[in-house]
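Accompanying notes for the structure given below.
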Amino acid sequence: MGYGSIPDEPEFGAGSDAPAQVTPLSDARGHRVASITSGIAANAHVEYLLRLADDRLILGQRLSEWCGHAPILEEDIALANIALDLIGESSLLLEHAAALEGAGRSNDALAFLRDETAFRNVQLVELPNGDFAVTIVRLFLYSALQLPLLEALERSIDATLAGIAAKARKECTYHLRHGADWVLKLGDGTAESRARAQAALDYLWPYAHELTWGDAVDDAMTSEGIAIDVRTLNAAWRANVERIVQAATLTMPADGWKATGGRIGRHTEHLGHLLAEMQVLPRSHPGATW
Amino acid sequence: MVAFAGAPTAEALWDVLATVLDPEVPVLSVVDLGIVRNIRVDATGTEVTVTPTYSGCPAIQVIERDIQSALERAGAFAPRIRTVFAPAWTSDWINPAAREKLRAYGIAPPGPRAATADPLVQLLKRTPLADVPCPYCGAAHTELRSAFGPTACKSIRYCPSCLQPFEAFKSI
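So the sequences go chain by chain: A and B. Count along the first sequence from 1, then add 13; that gives the number in our numbering. Count along the second sequence from 1, then add 11; that gives the number in our numbering.
Written as structure tokens, this is what we have:
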């Protein structure tokens, strides 16, 4: 199934939504993705898509570990739903990356047959779930950045990425609301829930900085109009986080050391264990289908 | 071209696909849900454009398989499915008759899509979310129990008037 070709001409029936008029991220109107899929730009493009996809795949895998274990049934369903959204988004992004890569690998091969150092997710998402506070504060910190990022990516000149981002943005709105709602409830709740929420925030904050880490890949994507530079979202993201943290009567942690390395394949000891569990079936039974 | 002489027209195929039911909401067809965006029949074959509801919807593969086999059974000329993500699916594409079918089935139909609002601002200002009438007794006021339900497209609500929990289609 090809997800790649978004029509240039409107072909949707009367009564359907026409694509909204948006300002592209690049002034290079008419600039087609095909014309830049060579050399460094193509590598950066694939690399960028892997970063977006791997964050979602690994966080989705972590959230799915709560299935059957969440504090209440509604939360079990909520976390499983969010995991499903994230894994679905990663599947689409990996399919797009695989097509651009042109090496004949499928999205499943990218998800299940890459080793730890080939993953491009931030370390934040691979950390163990911890208690419910760690899980929910992480979801909040992550989603608070994704919402503005996805809004920008909807204007990407990469039409496939723009389409995936438009869909993911709607889903992210639910994820962010859910995460922030719980941060408010835990922080402004009992002494126990407040202490746990603060401990979770203190633990995660050094890792959260990596969400707005950028390098030459971001430079290339920004100059091509494929993506926005995630570093430019740092101030707005931080302001949003602080608003919720303060309303939750929690305290923003001081900035100290900052985790880096996930985007270039340097991970914590936790990712290997996660991958072992996630990948065991397709590696033990290559090509298995059902 | 005569290769497809006698094969069903796009118009006839809309009727065929109106009988293909969503596996998770079996009271609605893929046409009711607005998943089928376009049907084009030309000399190269029959192309059905579909737009999935949610990125992670596990039903989409079953839906695409069901559409493909319905097309083949109807004798469509060289049928194929094309998946398109833009514009993104919206619950506004569910047609009015389908909304009534949902309600009669016990699932509250989606309200009109709200203007894009910052969820953090909504939370901090305690902006009330849109109310959803009870699909059983019609009471105007019901309570949200969980924004996430048994499938990606639904939330769980409770009616304090008739004491009935129910599923509501999300407005997205």
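Note that beta-carbon positions come from the ideal geometry of N, C-alpha and C, so glycine has one too.
Around the beta carbon of V31/B, a 10 Å sphere encloses 16 or more other beta carbons of the protein chains shown; the residue is thus reported as buried. Taken in chain order, the complete beta strand (DSSP E) segments of 3 residues or longer contained in the segment 17-71 of chain B are 47-53, 56-61. Within 8 Å of the CB of D68/A, no CB atom of chain B is found; the nearest one sits about 14 Å away.
In this structure the segment 43-60 of chain B lies against the segment 80-89 of chain B, because at least three pairs of beta carbons, one per stretch, are closer than 8 Å. The Cβ of K183/A sits closer than 7 Å to at least one Cβ of chain B. Neighbours of L97/A in chain B, taken as residues at a C-beta separation under 9 Å, are given in chain order as Y65, S66, G67, C68, P69, A163.
Going by beta carbons, L86/A and L76/A fall outside the 7 Å limit. Straight through space, the alpha carbons of G67/B and I177/A are spaced by roughly 11 Å. Around the CB of D231/A, 16 or more other CB atoms lie within 10 Å, so the residue is classed as buried. In the DSSP assignment, the residues bridged to K165/B are F180/B. Taking a C-beta cut-off of 8 Å against chain A, the contacting residues of the segment 146-173 of chain B are R156, S157, A158, F159, G160, P161, A163, I167, listed in chain order.
Membership of S297/A in any beta strand (DSSP E) is not indicated; the residue belongs instead to the alpha helix (DSSP H) covering 283-297. Counting only runs of 4+ residues, the alpha helix (DSSP H) found wholly inside the segment 96-120 of chain B occupies 107-116, in chain order.
Take D77/B, set aside five residues on each side of it, and the residues of its chain with a beta-carbon closer than 7 Å to its own are V31, in chain order. Straight-line spacing of the CA atoms in A111/A and T173/A works out to 13 Å. For A108/B, the closest Cβ of chain A is not nearer than 7 Å. The criterion of a C-beta distance shorter than 7 Å is not satisfied by R133/A and L217/A. Of the candidates T162/B, S172/B, C173/B, the residue whose Cα lies closest to the Cα of A179/B is T162/B. Contact between H188/A and S236/A is ruled out by a C-beta separation of about 30 Å, above the 8 Å threshold. By the neighbour-count criterion, in which 16 or more other beta carbons inside 10 Å mark a residue as buried, E108/A falls on the buried side. From the listed residues D26/B, R137/B, R124/B, the smallest Cα separation to L197/A is found for R137/B. Residue state for R256/A is assigned as helix, using DSSP reduced to three classes. Chain B places no beta carbon closer than 7 Å to that of A178/A, leaving this residue out of the contacts. In the same chain as C170/B, and ignoring 5 residues on each side of it, the C-beta atoms closer than 7 Å to its own belong to C145, Y147, C148, A150, T153, F177, in chain order. Using a Cβ-Cβ cut-off of 7 Å, A29/B does not count as an interface residue toward chain A, since no Cβ of chain A sits closer than that to its own.
D194/A places its beta carbon 7 Å or farther from that of L44/B.
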